[in-house]
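Heads up: the sequence shown is residues -22 to -1, 1 to 130, going by mature numbering (1 follows the signal peptide of the UniProt record, and there is no 0). Note that CB positions come from ideal geometry on N, CA and C, so glycine has one too. Predicted, not measured: the structure shown is a model, and the values here were computed from it. Report on the structure given below.
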Amino acid sequence: MKYIYSLSVLVCLLLFNCKSQVAPKESSNKSETSFIETKWVLTKLNGDVLNLSKTELEQPFIKLTAKDNGVGGNGGCNSFGGTYTLKDNQQIEFSQMMATMRYCEGSSIENVFMGNLQKARSYILTDGELTFKDENGYVLASFEPSTEKVTN
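So, in structure tokens, the structure goes:
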């Protein structure tokens, strides 16, 4: 009888111990998940504060989604989309973007913005600002979170 009681206590301890363990999260880096699913509005391009001219039709923005690692946005005139890959040490890489081909006069900001996304190799999220840098650490683009909701 003493043997059965001891065995029962041991089994109960093992069962309770197994159920109380929490499965580890897939991503331990908070900044990786905090900038995904947020609309980020472009504020700086090549380190310079963005000054939109009257020819820009929309504030350039980007949004990364968790579903299928999708990325989309608007360069100021044309909408674009593609995919992204997050790697260790805050490394990021974007696929070749597909964009609408709407004609917009004076879309130089859009051209630079889209080119810089292709060059982006790392990101930093500091004090609510998302920054993409190239392989040499040069600042390509900086963003602030939008206050408006974006639907997919």
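message = Am I right that N56 and T78 are in contact with their C-beta atoms under 8 Å? What's the rounded C-beta distance?
response = Between N56 and T78, the beta carbon gap of about 4 Å places them in contact (Cβ cut-off 8 Å).
query = Can you name, in chain order, every residue of its own chain whose Cβ lies under 7 Å from the Cβ of N7, other than the five neighbours on each side?
reply = The predicted position of N7 is uncertain, since its pLDDT is 44 and thus under 50; no value can be drawn from it.
query = So what does residue 131 bridge to, in DSSP terms?
reply = This structure cannot settle anything about residue 131, because the visible part of the chain is limited to -22 through 130.
message = Between which residues of its own chain and Q68 is the CB-CB distance below 6 Å, once the five residues before and five after are set aside?
response = Once the five neighbours on either side are set aside, the close Cβ partners of Q68 are S100, Y101.
ask   = Using the C-alpha atoms, what's the distance from W18 back to S124?
value = One C-alpha to the other measures close to 6 Å.
query = What three-state label does DSSP hand L20 in the structure shown?
reply = Three-state result, L20: strand.
request  = Could you check which residue in N52, G51, T61 has the C-alpha nearest to that of A44?
outcome  = Minimum Cα distance to A44 is reached at T61.
task = Go ahead and pull the three-state DSSP assignment for I14.
result = In this structure, I14 counts as coil in the three-state DSSP scheme.
task = Determine the closest residue to F13 out of D112, V117, G106, with distance taken between C-alpha atoms.
result = Checked all of D112, V117, G106; the closest Cα to F13 is G106.
key: Proximal residues to M76 (C-beta, below 8 Å), its chain only, five neighbours per side dropped   = Listed in chain order, the non-local C-beta contacts of M76 below 8 Å within the same chain comprise F58, G59, G60, local neighbours out to five positions each way being set aside.
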